[in-house]
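S.K.: In this note's numbering, the protein residues as written are 1410 to 1729. So that we are looking at the same thing, I have put the structure below in structure tokens.
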Amino acid sequence: MNATSTKLGTSTKLGGKRLLLTGASGMLAGDLVPLLIDAGADLVLSDIAEGENSGVPVSACDVTKEADVCRFVEASKPDWIINCAAYTKVDDAQVEQELAFRVNAIGPGNLASAAARSEARMLHVSSDYVFGGDASADAEAMLGKPILEEREPNPCGIYGQSKRFGDELVRRALPDRHVIARTSWLHGVHGPSFVAAILRLADERDELRIVDDQIGSPTWTVLLAEVIVELVSREARGLFNVTSRGDISWYEFAKEIVALAGCSTKVGTQTTEELNRPAPRPAYSTLSLEKIEAFLGRECGTWQAGLRGHLLQCGVLKEA
Ligand SMILES: NC(=O)c1ccc[n+]([C@@H]2O[C@H](COP(=O)([O-])OP(=O)(O)OC[C@H]3O[C@@H](n4cnc5c(N)ncnc54)[C@H](OP(=O)(O)O)[C@@H]3O)[C@@H](O)[C@H]2O)c1
1410 MNATSTKLGT STKLGGKRLL LTGASGMLAG DLVPLLIDAG ADLVLSDIAE
1460 GENSGVPVSA CDVTKEADVC RFVEASKPDW IINCAAYTKV DDAQVEQELA
1510 FRVNAIGPGN LASAAARSEA RMLHVSSDYV FGGDASADAE AMLGKPILEE
1560 REPNPCGIYG QSKRFGDELV RRALPDRHVI ARTSWLHGVH GPSFVAAILR
1610 LADERDELRI VDDQIGSPTW TVLLAEVIVE LVSREARGLF NVTSRGDISW
1660 YEFAKEIVAL AGCSTKVGTQ TTEELNRPAP RPAYSTLSLE KIEAFLGREC
1710 GTWQAGLRGH LLQCGVLKEA
């Protein structure tokens, strides 16, 4: 375990800021690291195993191991920790409960405690799956009323419970020095995502059946990464919902992916009950963007723009 850093950027938005980014080999980090480099950050990267992201070495540091996290944070001397490390297999979490809690709750807790000792700030990424366990959210869905930051989380599955606990441990360890960016339905080119799955299935099958009774906001990792740079560079504090604008069902999202990709595959509907996945999922998890848009002074990008961006990035669409 060693802390290796680099400073490559030309912009000064994050110039002089030393950032430790965990989960550096994951999907979100794949788009976040190049933006942080462009913004002039002095970066230290880590993940569960050694690797490399955008030419920057990734050191191995298991966030569940308190002593290792302490040593790594002490050696890195960050101004900010950005925690992208997570256990994200929503269905597997139903059986691997202990691992999900260790990575999604104890891990962020260890990082936040180490940040507190080093007088660093921390940005932690949370999930819309901290909702879905209460009837009041269903009532809001009927009213089409996006969930505000103030709403008390009430998860419906183990993944969401572990994420909720992680948010709480970060808040407790760093009451005035944390940002929680709560996002939803992430898709990006650097990891397995719904978009990649639909493109693959559309290639293999004539017809797909996709759930139409879960509503949320698909969010391109590049959009979230851009907002994270803003939140860190402007030293934001507290909880912010950060998603794309607009909400749809997975069925509507799949239909748009297939249409933009020019596939002839038919897309039909099915219910969550028919799909029968191991983990329950929120029926409605659209997050209100009022607070983040006021902070940014602009609207967030739409899910349609995010999807186009993703398909351009992976070469499925070509620039006109
Ligand atoms: N994906 C979504 O749809 C979605 C939606 C809402 C919120 N989020 C949140 O957004 C954040 C980023 O998600 P993502 O999709 O980029 O996740 P991801 O691709 O799964 O990346 C997470 C990274 O953390 C690593 N990791 C796992 N256990 C670790 C440990 N003990 N110590 C250090 N690193 C560890 C993973 O390694 P392995 O791959 O080897 O396990 C992976 O490289 C997470 O907080 C997630 O909960 C995601």
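From the three backbone atoms N, C-alpha and C, an ideal C-beta is built for every residue, glycine too.
Between R1427 and L1640, what straight-line distance do the alpha-carbon atoms span, to the nearest angstrom?
M.R.: Near 15 angstroms, if we compare the C-alpha coordinates of L1640 and R1427.
S.K.: With respect to 7 angstroms, is the separation between the Cβ of A1495 and the closest non-hydrogen atom of ligand 1 below this value?
M.R.: Yes - ligand 1 has a heavy atom lying nearer than 7 angstroms to the Cβ of A1495.
S.K.: Answer with buried or exposed for A1502, where buried requires no fewer than 16 other C-beta atoms within 10 angstroms of its C-beta.
M.R.: Label assigned to A1502: buried.
S.K.: Taking only three categories from DSSP, how would you classify Q1679?
M.R.: Three-state result, Q1679: strand.
S.K.: Pull up the DSSP beta-bridge partners for N1462, would you.
M.R.: For N1462, which the question treats as bridged, DSSP gives the partners V1465.
S.K.: Leaving aside the five residues before and after G1642 along the sequence, list all residues of the same chain whose C-beta is less than 8 angstroms from its C-beta, in chain order.
M.R.: The amino acid at residue 1642 is misidentified as Gly; the sequence shows Ser. K1422, L1423, K1426 and A1448.
S.K.: With L1429 and V1442 assumed to form a contact (beta carbons below 8 angstroms), what rounded beta-carbon distance in angstroms separates them?
M.R.: Contact doesn't hold; Cβ gap of about 12 angstroms is too wide.
S.K.: Return the chain-ordered list of same chain residues with a C-beta closer than 8 angstroms to the C-beta of T1473, the five sequence neighbours on each side being excluded.
M.R.: Around T1473: R1511, V1512, I1515, G1516 and N1519.
S.K.: Leaving aside the five residues before and after S1536 along the sequence, list all residues of the same chain whose C-beta is less than 6 angstroms from its C-beta, in chain order.
M.R.: The residues are K1572.
S.K.: On a Cα-Cα basis, can you pick out the residue from N1462, S1485 and I1457 that is closest to Y1496?
M.R.: Looking at the Cα atoms, I1457 is the closest of the given residues.
S.K.: Quick one: Cα of I1556 to Cα of S1653, how far?
M.R.: Answer to the nearest angstrom: the Cα atoms are 14 angstroms apart.
S.K.: I need the boundaries of the alpha helix (DSSP H) containing D1621, first residue and last residue.
M.R.: Taken as a continuous stretch (DSSP letters only), D1621 belongs to no alpha helix (DSSP H), as it is neither H nor E.
S.K.: Among the residues of its own chain, which have a CB less than 6 angstroms from the CB of F1662, if the five just before and after it don't count?
M.R.: Excluding sequence neighbours, F1662 sits near P1627.
S.K.: Start and end of the alpha helix (DSSP H) containing A1582?
M.R.: Its alpha helix (DSSP H) spans residues I1567 to A1582.
S.K.: Please determine if the region 1695-1707 and the region 1603-1620 are in contact, where contact requires at least 3 C-beta pairs separated by less than 8 angstroms.
M.R.: Segments in contact, no.
S.K.: Mapping DSSP to helix, strand and coil, what is T1628?
M.R.: Note: T1628 maps to strand in three-state DSSP.
S.K.: Which first and last residues belong to the beta strand (DSSP E) in which R1591 is found?
M.R.: That run of the beta strand (DSSP E) goes H1587 to T1592.
S.K.: Which stretch, first to last residue, makes up the beta strand (DSSP E) that contains G1647?
M.R.: G1647 to N1650 is the span of the beta strand (DSSP E), which, as asked, contains G1647.
S.K.: Using only the heavy atoms of ligand 1, determine whether one of them is closer than 7 angstroms to the beta carbon of A1438.
M.R.: Indeed, a heavy atom of ligand 1 lies less than 7 angstroms from the Cβ.
S.K.: For A1590 and I1490, what's the separation of their Cα atoms in angstroms?
M.R.: Rounded to the nearest angstrom, the two C-alpha atoms are 13 angstroms apart.
S.K.: Y1538 by DSSP, collapsed to three states: which one?
M.R.: Helix at Y1538.
S.K.: Measure from the C-beta of L1429 to each C-beta in chain C and report whether the shortest distance is under 8 angstroms.
M.R.: Here there is only one protein chain, and chain C is not present.
S.K.: Using three-state DSSP, classify S1485 as helix, strand or coil.
M.R.: Note: S1485 maps to helix in three-state DSSP.
S.K.: From D1576 to S1673, what distance separates their C-alpha atoms?
M.R.: Answer to the nearest angstrom: the Cα atoms are 43 angstroms apart.
S.K.: Report the partner residues of N1390 according to the DSSP bridge assignment.
M.R.: Summary: the structure shown does not reach residue 1390, with the chain confined to residues 1410 through 1729, and so no result is reported for it.
S.K.: Let me know the secondary structure DSSP gives N1563 once reduced to three states.
M.R.: Of the three classes helix, strand and coil, the one that applies to N1563 here is coil, per DSSP.
S.K.: At what residues does the alpha helix (DSSP H) containing R1609 begin and finish?
M.R.: Element bounds for R1609: F1603 to E1613.
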